[in-house]
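Residue numbers (this note's numbering), protein chains in the order written: chain A, 1 to 79; chain B, 1001 to 1301.
Structure record follows, encoded as structure tokens.
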């Protein structure tokens, strides 16, 4: 399963929407419930799902799902 | 276009996830929000220039807000604050000039862009500033960005202020904001540990402002004792603190409003009025309700 596919699963759970389909360009403009609080909720769920821990400051500026997927891949690669 | 509208437009364009929170803050009192935002952002423009304040303030605010919510999420999971000593916070935040600069500008914007802080701002303006005596000598303990004290000086042209903070960033930013607000000649900021103020002249202040320091201390009682020592009999203090509200540098975990009240009463201060507020939205299934509490205190005669 690709990072994007796994991320899609996590986002379906966080936003309680089984029909949610995300792409690399999906952003908060496309998901009504994706506000600042739900963004952190999503980040915590991503940490659990991918076995990561985000550092302070590296999640606030993420613009879309693609940037989040890239960050996950970099952290998994140990970058 | 007003600065307040410029801020809203900048957030909508660059940080759509933060729009809802600002809408909630403005909804507390739209007319007051417009006025307070215009005032605070005018000071920021005075510091950063007409084209620089938007990015400087909003980016700092968005990162600070995200860090706070993330800290709250970790607190929910762990059941305790991340750090428990001043030394840890000093290493991670206070001694890091760049981190501290961003932190302080972020906090500065929360005064009107977090709904519950907007409520406290109104409490401070309407219930505390309105009670100050003539020509007050104000002491601000840990002014941070300096906005509270500068706001007091802007509202009261007869007031003077001494501010003490342990952070060089605070001294620089508070001084720059005071200058931008046109009150720099009535504000003196000194690099000094707020817990060393016991050596200040007893009963020398007509008012004390101490906003969101107490939860950063290992021994909050020492701070309250210093406030009581500084105040003249009958003089007022404004104290704000955080309750089950995590931040990387919050170390003293107040669980209930009554703890703050009892602490103040135990040190010779009468609790005249309080306001406890919380964010409109909290983390799903949260067990802790993060609150901010403002207290108006009076030194017993």
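Even glycine gets a Cβ: it sits at the ideal position worked out from N, Cα and C.
DSSP, reduced to helix, strand and coil, places residue 1133(B) outside both helices and strands of the structure shown, so it counts as coil. Per DSSP, residue 31(A) is not a residue of any alpha helix (DSSP H), being assigned neither H nor E. Per DSSP, the continuous alpha helix (DSSP H) segment holding residue 1118(B) begins and ends at 1115 to 1123.
About 14 angstroms separates the Cβ atoms of residue 1138(B) and residue 1185(B), ruling out a contact at the 8 angstroms cut-off. Counting other Cβ atoms within 10 Å of its Cβ, residue 1191(B) stays below 16 and is therefore classed as exposed.
Taken in chain order, the whole beta strand (DSSP E) runs of length 3 or more contained in the segment 1133 to 1202 of chain B are 1137 to 1141, 1160 to 1165 and 1187 to 1191. Under the 8 angstroms criterion on CB atoms, residue 41(A) is classed as interfacial with respect to chain B. At a cut-off of 8 angstroms, the C-beta of residue 1292(B) has no neighbouring C-beta in chain A. Residue environment: residue 1079(B) is assigned as exposed (fewer than 16 neighbouring CB atoms within 10 Å of its CB, all protein chains considered). For residue 1283(B), the three-state secondary structure derived from DSSP is coil.
Annotated three-state conformation of residue 1236(B) is strand, per DSSP. Below the 9 angstroms Cβ cutoff, chain A contributes 40, 41, 43 and 44 as neighbours of residue 1073(B), in chain order. Unbroken alpha helix (DSSP H) runs of no fewer than 4 residues, entirely contained in the segment 1049 to 1104 of chain B, are found at 1053 to 1078 and 1086 to 1089, following chain order.
Non-local C-beta neighbours of residue 1076(B) in its own chain, meaning closer than 8 angstroms and more than five positions away in sequence, comprise 1283, 1286, 1287 and 1288, ordered along the chain. When the Cα atoms are used, residue 1178(B) and residue 1003(B) turn out to be separated by approximately 19 angstroms.
Think of a sphere of 9 angstroms around the beta carbon of residue 1008(B): no beta carbon from chain A falls inside it, the nearest being about 15 angstroms out. What residue 21(A) touches in chain B, judged by beta-carbon distance under 8 angstroms, is nothing: the nearest beta carbon there is about 20 angstroms away. Under the Cβ distance rule, residue 1070(B) counts among the residues neighbouring chain A, one pair being separated by less than 8 angstroms.
Residue range 65 to 76 is occupied by the alpha helix (DSSP H) that includes residue 70(A). Residue 39(A) and residue 1239(B) have their C-alpha atoms spaced approximately 32 angstroms apart.
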